[in-house]
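Residue numbers (the numbering used here): 1 to 208.
Here's the structure, in structure tokens; my notes come after.
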Amino acid sequence: MLESVPNFSEGRDRATIEAIGTALDTAARVLDVHADLDHNRSVFTVVAGADQLVDALASAVAVAVERIDLRSHQGVHPRIGAADVVPIVPIVPEDFETAQEAARALGPRLAALGLPVFVYAPPERGPAFYRRGGPAILGARLDTGELAPDFGPARLHPTAGGVIVGARRPLIALNVNLRGDVDVARAVARAVRERDGGLPGVRASAAT
């Protein structure tokens, strides 16, 4: 059994969220769905055997490509695609290689949908490496040849953008709502995140 925690850039349209969940449920077990209105993002937690998980994720991303248009998307969470990031997580550490194999199998399936697929390798090339500046900057990086996708076309899908796929260890993600100046929140993020000398393994960002 492997776990996946795919993030989709829709947190407000209940019909689209349910359609994605139905697609996942065809071959995997959906354990949780978290939809956030401000982020305009939904995070699903699903488990299945490797082959079934790949099938479920490919089906769900196809639904996202069909139903989510980034050109009209508004939300505070950084994103590059309708199906923004699709991590595959080993439930036990010994299955990490199996998770990597599943991610490599998923890549061509998503590329067949017309998406450029980026395989991330934390910490140097984690999701933030691809998200900085949003879809417009990512498209420019592809156009100049600075970046090339691991699978699929070397251009963003016109409505669904791109997708980040990879195997990773379990992580804990949380949101903290602060009152006051956003500069204070940014200072807190700088103080705790690893790349600025903070806590090992911690990533943090601040947004209004």
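A virtual CB, placed ideally from N, CA and C, is assigned to each residue, including glycine.
Proximity below 8 Å, CB of Ile164 to CB of Ile80: Closer than 8 Å, so yes.
DSSP has Glu3 in a bridge; who is on the other side? Looking at the DSSP assignment, Glu3 forms a beta bridge with Val47 and Val89.
Please state the DSSP three-state secondary structure of Ile20. Three-state result, Ile20: helix.
Less than 8 Å between the beta carbons of Val119 and Gly166, yes or no? Yes, these two residues count as a Cβ contact at 8 Å.
For Asp196, the three-state DSSP class (helix, strand or coil): Note: Asp196 maps to helix in three-state DSSP.
Where does Ala27 fall in DSSP's three states? DSSP places Ala27 in coil when its eight states are reduced to three.
Contacts around Phe96, its chain only, beta-carbon distance under 8 Å, and the 5 residues preceding and following it disregarded: Excluding positions up to five away in sequence, the list reads Pro90, Ala167 and Arg169.
Would you mind stating whether Pro108 and Pro153 have Cβ atoms separated by less than 8 Å? The Cβ-Cβ distance between Pro108 and Pro153 does not fall below 8 Å.
Just to confirm, is the Cβ distance from Ala28 to Ala48 under 8 Å? With a cutoff of 8 Å on beta-carbon distance, Ala28 and Ala48 are scored as near each other.
How long is the line joining the alpha carbons of Met1 and Val33, rounded to whole angstroms? Each residue's alpha carbon lies about 19 Å from the other.
Can you tell me whether DSSP reads Ile80 as helix, strand or coil? Secondary structure at Ile80: coil, using DSSP grouped into helix, strand and coil.
Apart from the five residues on each side of it in sequence, which residues of its chain come closer than 7 Å, Cβ to Cβ, to Asp98? At residue 98 the sequence reads Thr, which differs from the Asp that was named. Exclusion of the five residues before and after Thr98 leaves Leu2, Ala50 and Pro90 as the residues of its chain whose Cβ lies within less than 7 Å of its Cβ.
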